[in-house]
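Residue numbers (our numbering): 28 to 392.
Backbone N, C-alpha and C fix where the C-beta goes; we use that ideal spot for every residue, glycine too.
Bear in mind the structure is a predicted one, so any value in this text is a computation, not a measurement.
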Amino acid sequence: MADILKPELQWIEGRCYRINDSNTEITSFQEHDLYENDDVYHDVHDEEEDNDDCDVVQIDNSRYTTSFHISKHYIGSIIGKKGAMKSRIERDTRTDIKIPKQGQTGDIVIFGSSATSVKAAQRRINIIVMSSRMKQKATHFISIPMNDPEIVKSFEVFKNSVLQDCPGRGLDESLFIKPNKLHLTLGVMCLMDNEERLYASKLLTEAKEKIIFPLLQNNLPLRIRVKGLSYMNDDPREIDVLYGRVQEEGASTGLIQKLADGLLDHFYKAGYMDKDHGRENVKLHVTLINSKYRSRSSQPAGEEDSALSKSSRQTRETFDGTEIFKKYADYDFGVMELRHIHLSQRHSMGADGYYQPTCVISCWK
Numbered sequence: 028m029a030d031i032l033k034p035e036l037q038w039i040e041g042r043c044y045r046i047n048d049s050n051t052e053i054t055s056f057q058e059h060d061l062y063e064n065d066d067v068y069h070d071v072h073d074e075e076e077d078n079d080d081c082d083v084v085q086i087d088n089s090r091y092t093t094s095f096h097i098s099k100h101y102i103g104s105i106i107g108k109k110g111a112m113k114s115r116i117e118r119d120t121r122t123d124i125k126i127p128k129q130g131q132t133g134d135i136v137i138f139g140s141s142a143t144s145v146k147a148a149q150r151r152i153n154i155i156v157m158s159s160r161m162k163q164k165a166t167h168f169i170s171i172p173m174n175d176p177e178i179v180k181s182f183e184v185f186k187n188s189v190l191q192d193c194p195g196r197g198l199d200e201s202l203f204i205k206p207n208k209l210h211l212t213l214g215v216m217c218l219m220d221n222e223e224r225l226y227a228s229k230l231l232t233e234a235k236e237k238i239i240f241p242l243l244q245n246n247l248p249l250r251i252r253v254k255g256l257s258y259m260n261d262d263p264r265e266i267d268v269l270y271g272r273v274q275e276e277g278a279s280t281g282l283i284q285k286l287a288d289g290l291l292d293h294f295y296k297a298g299y300m301d302k303d304h305g306r307e308n309v310k311l312h313v314t315l316i317n318s319k320y321r322s323r324s325s326q327p328a329g330e331e332d333s334a335l336s337k338s339s340r341q342t343r344e345t346f347d348g349t350e351i352f353k354k355y356a357d358y359d360f361g362v363m364e365l366r367h368i369h370l371s372q373r374h375s376m377g378a379d380g381y382y383q384p385t386c387v388i389s390c391w392k
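This is how it looks when you write it as structure tokens:
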């Protein structure tokens, strides 16, 4: 149960909101005002505070307007069932909202009698988009490639040794990540169109100057060692994800964690990234084995060709990692220098065998 004296805070578009009931589900058809009242979201800033991201233009003495891009995937949530959500925002903020019709392209345009009302309407729309975005599956993630030749070679040795010396239920070669895709995950997000991808790239580029360089300026080149194993549950006999731990080599302990947390906070305040299970700190991990990679050919006889239901196809089979931990708990995969951070696209591959990059920034001046 949430502590009512310490409600969860949510940053959206650079503004901080208090969530009084974090169990309330926001759906695209919800007709209640969940955004700036005490039911769910409450703006902890003053209502009259300017929204710097809202570029309002004065048309004449009594009319103001702004326009901005929203992915078509969120238009239904903004309109609501039979237009109820859009009408409510217009009524409460005393604005007129123009939304492109289905099949049309263009920006959302807001008209109002004051700059404050226009900004309030845009703020509500941004909150709806934020709420909808967090319900979507991630399409992109911030990553540090860990496919340095030394680490790749050590990983191949580890993989072959485990398959040969660590027989266990559910363990199969298909569960191992492709060596060229070894990476450190710093955060995930959903980007629905090119405009959102461009904005996320802009955020990462901004983070280079605001977060990355200030942290690393006295620690270049930052060397990262991958050493030791861990898993994301409490039973080594029922593992879904086995990952390698990371640590600084010759630098202040916790520097990588500060870097990851800083990036998460930067994207979180922009409304593009959520905090995993409410954690304040990123769970640093280099995935080595993942049960979701299991190929259909490795499933029990008869199961591959049967007409499985959708829910059955999505069921993951864990593996027993007991023997792996007995023999390789402190396995050292090697050291690499941090040179680049990527905005990577999931389920894709670039020319070098790593994930297709949407944006790449250098960690060197």
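Check: Here's the rule I'm using: 16 or more other beta-carbon atoms within 10 Å means buried, otherwise exposed. How should Ser-322 be labelled?; Outcome: exposed
Check: Classify Ser-49 as buried or exposed, calling it buried when 16 or more other Cβ atoms lie within 10 Å of its own Cβ.; Outcome: Because the pLDDT of Ser-49 is 39, which lies under 50, any placement of that residue in the model is unreliable, and the number read from its coordinates should be weighed accordingly. Label assigned to Ser-49: exposed.
Check: Which value, in whole angstroms, describes the spacing of the CA atoms of Arg-252 and Ile-154?; Outcome: 40 Å
Check: Gly-107 to Arg-115, Cα distance in whole Å?; Outcome: 10 Å
Check: Going by DSSP in three states, Lys-353 sits in which element: helix, strand or coil?; Outcome: helix
Check: Are Val-313 and Met-173 close, meaning C-beta to C-beta below 7 Å?; Outcome: yes
Check: Only counting the same chain, and skipping five residues up and downstream in sequence, which positions put a Cβ closer than 8 Å to that of Thr-166?; Outcome: Met-216, Cys-217, Leu-218, Met-219, Gln-372 and Arg-373
Check: Quick one: is Ile-239 buried, meaning 16 or more other Cβ sit within 10 Å of its Cβ, or exposed?; Outcome: buried
Check: Considering Cα atoms alone, identify which of Lys-310, Ala-297, Met-259 and Asp-267 is closest to Gln-274.; Outcome: Lys-310
Check: Helix, strand or coil: which one does DSSP assign to Glu-364?; Outcome: strand
Check: Sort out for me which residues DSSP pairs Leu-269 with in a bridge.; Outcome: Tyr-258 and Ile-316
Check: Secondary structure at Tyr-91, three-state DSSP: helix, strand or coil?; Outcome: strand
Check: Does the beta-carbon distance from Phe-346 to Leu-213 come in below 7 Å?; Outcome: no
Check: Of all the beta strand (DSSP E) runs that stay within the bounds of the region 202-249, which reach a length of 3 or more residues?; Outcome: 210-216
Check: From Gly-133 to Asn-221, what distance separates their C-alpha atoms?; Outcome: 13 Å
Check: Assign Asp-379 to one of two classes, buried (16 or more other C-beta atoms within 10 Å of its C-beta) or exposed (fewer than that).; Outcome: exposed
Check: Beta strand (DSSP E) containing Asp-123: first to last residue?; Outcome: 122-125
Check: For Gly-289, report the span of its alpha helix (DSSP H) as first-last.; Outcome: 282-296
Check: Would Leu-365 and Leu-291 qualify as a contact pair, given that the criterion is a beta-carbon distance under 7 Å?; Outcome: no
Check: By alpha-carbon positions, which one of Lys-319, Phe-168 and Ser-89 ends up nearest to Asp-303?; Outcome: Phe-168
Check: Which one of Lys-229, Gln-284 and Leu-243 has the shortest CA to CA distance from Leu-211?; Outcome: Gln-284
Check: Could you tell me the alpha carbon to alpha carbon distance between Ala-147 and His-293, rounded to whole angstroms?; Outcome: 23 Å
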